[in-house]
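Encoded as structure tokens, the structure appears first; notes follow it.
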């Protein structure tokens with residue numbers, strides 16, 4: 001089996017429009033969540049989110065591109081540009097025929113859907129722009145990355161709600177480990193902060209009106225975010241041979257299904273995914289220094305996740321660190337695992353553990369070291385990234401220091 | 403409306419081709435102007451919006467459509483006809 005390393009990373013999210021700005025925010029424990037600025041916000045009862053601010057599409061794309069790119073595609077292309085530039089790869093010849101793009105998203109072109117439903121239902125128009133379908137389809141972002149960078153190998157989009165990005169990156173890992181491809185551009189994107197996107201989440205009554213406070217006893221729900229993160233996954237020998245900088249190694253991945261409830265998480269399902277990722281990576285629980293938690297800030301997720309971690313790690317659960325960066329960038333739904341992988345790589349590469357901010361009161365059901373409120377310097381060799389989706393679909397990645 | 407149908411159609415095509423209206427000649431084909439199939443459907447959408455007409459165009463087989471797109475002049479003539487029908 002081939003080894004898989006990460007040689008490029010890129011992002012745009014509520015904390016910054018690139019990786020350095022995002023990592024600086026992680027180190028400072030800065031919150032990117034605030035009042036959202038969207039059409040008809042006054043008709044929403046939830047008015048906060050991790051919105052990407054100061055972003056003008058015209059600064060990055062021409063008029064014809066903007067006509068074709070939904071916001072989630074624009075975010076993806078911004079992140080891909082940064083990641084591929086860092087990798088130093090140029091996709092031509094034989095490499096372009098096997099290099100692919102595997103991305104996660106839950107909603108796809110939600111802004112396009114929202115605007116065009118308004119147009120036909122609210123405004124009563126009987127004609128829509130011809131690009132509605134190519135803009136809103138879930139694979140639009142993956143296809144535009146493929147076209148922009150000449151990636152002609154295995155390419156597709158994965159949609160497993162809040163685990164989409166982790167499932168996508170797991171597929172990228174498998175494609176390289178099995179020898180099918182030497183390079184896969186992977187990650188995820190979401191842009192659900194539009195009226196319909198937020199209104200739908202309001203219906204579930206799991207959203208906080210003031211802040212995302214994972215693991216804190218006074219937590220009162222999740223907060224949506226938006227953005228993208230994209231990585232270049234590359235076969236180890238290929239990266240070494242061309243002298244690429246290796247940011248981290250991907251060493252394990254596991255997926256499970258709870259097969260129990262469409263929204264409530266399962267301790268067993270989560271624990272089987274965590275244990276499966278360790279087994280796949282041939283690691284002992286004691287090797288793990290940090291877990292980037294799913295940590296949504298809902299009552300159900302956080303206590304279930306802590307119980308699952310305790311089940312898998314036993315006494316070591318009290319020695320490892322586990323934080324939820326959703327407290328800073330919000331829950332990016334299908335893009336969340338990708339943005340959270342940035343914190344995993346920062347932990348391995350820079351020895352800085354991103355904090356769980358907004359932590360105010362210990363919860364007896366979440367008594368792990370959640371790295372409250374302030375980032376911490378610590379050398380860790382192995383990290384995990386948890387993602388547990390609605391529908392009971394779980395995906396956990398294991399990464400090791402390069 | 404002060405502008406003629408011709409001027410407005412040329413403005414729409416020029417915008418799609420990212421050209422000045424003066425660079426769009428009546429005998430130009432859409433291919434000459436670098437307008438591809440997506441650009442064509444976008445132009446037809448813009449024409450329908452501008453004149454509030456229904457253009458009988460099927461992208462599956464443009465040559466079988468009643469709407470002649472063989473040149474800028476043909477498109478202008480076809481739009482003029484549709485606008486006249488509308489007002490009739």
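Residue numbers (the numbering used here), protein chains in the order written: chain A, 1 to 402; chain B, 403 to 490. C-beta atoms are modelled at their ideal positions from N, C-alpha and C, and glycine is treated no differently.
Go ahead and pull the three-state DSSP assignment for residue i.
i              : result
residue 48(A)  : strand
residue 376(A) : strand
residue 155(A) : strand
residue 447(B) : helix
residue 82(A)  : helix
residue 264(A) : coil
residue 116(A) : helix
residue 405(B) : coil
residue 470(B) : coil
residue 498(B) : Lying outside 403 to 490, the shown extent of chain B, residue 498(B) is not represented and no answer is given.
residue 431(B) : coil
residue 276(A) : helix
residue 184(A) : strand
residue 487(B) : helix
residue 110(A) : helix
residue 398(A) : strand
residue 417(B) : helix
residue 34(A)  : strand
residue 148(A) : helix
residue 123(A) : coil
residue 166(A) : helix
residue 190(A) : strand
residue 64(A)  : helix
residue 437(B) : coil
residue 9(A)   : strand
residue 133(A) : helix
residue 387(A) : strand
residue 40(A)  : coil
residue 392(A) : coil
residue 89(A)  : coil
residue 370(A) : coil
residue 23(A)  : helix
residue 105(A) : coil
residue 457(B) : coil
If I measure Cβ to Cβ from residue i and keep anything under 6 Å in the same chain, skipping five residues before and after, which residues do I get?
i              : result
residue 4(A)   : 173, 176, 177, 233, 250
residue 197(A) : 110
residue 150(A) : 91, 96
residue 470(B) : 476, 480
residue 142(A) : 101, 103, 155, 157
residue 309(A) : 317
Taking the alpha carbon of residue i as the point to measure from, which residue in the options has its own alpha carbon closest?
i              : options                        : result
residue 160(A) : 389(A), 396(A), 397(A), 399(A) : 389(A)
residue 284(A) : 37(A), 11(A), 400(A)           : 400(A)
residue 372(A) : 7(A), 9(A), 30(A)              : 30(A)
residue 47(A)  : 228(A), 210(A), 151(A), 379(A) : 210(A)
residue 195(A) : 296(A), 44(A), 15(A)           : 44(A)
residue 473(B) : 415(B), 407(B), 440(B)         : 415(B)
residue 148(A) : 183(A), 90(A), 317(A), 94(A)   : 90(A)
residue 84(A)  : 229(A), 38(A), 113(A)          : 229(A)
residue 88(A)  : 267(A), 144(A), 245(A), 69(A)  : 245(A)
residue 357(A) : 186(A), 28(A), 17(A), 319(A)   : 28(A)
residue 273(A) : 385(A), 298(A), 144(A)         : 385(A)
residue 365(A) : 306(A), 337(A), 313(A), 353(A) : 306(A)
residue 77(A)  : 140(A), 36(A), 353(A)          : 140(A)
residue 187(A) : 171(A), 52(A), 34(A)           : 171(A)
residue 255(A) : 64(A), 39(A), 81(A), 394(A)    : 394(A)
residue 336(A) : 225(A), 126(A), 99(A)          : 225(A)
Using a Cβ cut-off of 8 Å (strictly closer), state whether residue i contacts chain D.
i             : result
residue 38(A) : In summary, chain D is missing from the structure at hand, where the protein chains are A and B.
Indicate, with yes or no, if the ligand SAM has a heavy atom lying under 7 Å from the CB of residue i.
i              : result
residue 458(B) : As presented, the structure is devoid of all ligands, the ligand SAM included, so that no description of it is given.
Keeping to the same chain, check which residues put their C-beta closer than 8 Å to that of residue i; ignore five residues upstream and five downstream.
i              : result
residue 456(A) : Nothing in the structure corresponds to residue 456(A), since chain A is present only between 1 and 402.
Which residues in the same chain have their Cβ closer than 7 Å to the Cβ of residue i, if we skip the five residues on either side of it in sequence?
i              : result
residue 351(A) : 377, 378, 379
residue 407(A) : This structure does not reach residue 407(A), given that chain A is present from 1 up to 402, and the question cannot be answered.
residue 409(A) : Here chain A has residues from 1 to 402 only, and residue 409(A) is not among them.
residue 41(A)  : 47
residue 192(A) : 107, 110, 224, 226, 333
Q) Which full runs of the beta strand (DSSP E) of 3+ residues lie inside the stretch 280 to 364 of chain A, going along the chain? A) Runs found: 288 to 292, 321 to 323.
Q | Against chain A: residues of the stretch 411 to 431 of chain B by CB proximity under 8 Å | A | Shown in chain order are the members of the stretch 411 to 431 of chain B whose Cβ falls below 8 Å from a Cβ of chain A: 420.
Q. What are the start and end residues of each continuous alpha helix (DSSP H) run of 4 or more residues lying completely inside the stretch 193 to 221 of chain A, in chain order?
A. Runs found: 195 to 204.
Q) Quick one, which residues of the stretch 111 to 138 of chain A are near chain B if we go by CB-CB under 9 Å, in chain order? A) Closer than 9 Å at the C-beta level to chain B, one finds these residues of the stretch 111 to 138 of chain A: 127, 128, 129, 130, 131, 134.
Q) In the stretch 442 to 454 of chain B, which residues sit with their C-beta less than 8 Å from some C-beta in chain A, listed in chain order? A) In summary, the residues of the stretch 442 to 454 of chain B whose CB is separated from some CB of chain A by less than 8 Å are 443, 444, 446, 447, 450, 451, in the order they occur in the chain.
Q. Residue ranges of each beta strand (DSSP E) run of no fewer than 3 residues wholly in the stretch 218 to 253 of chain A, ordered along the chain?
A. Here the runs fully enclosed are 227 to 235.
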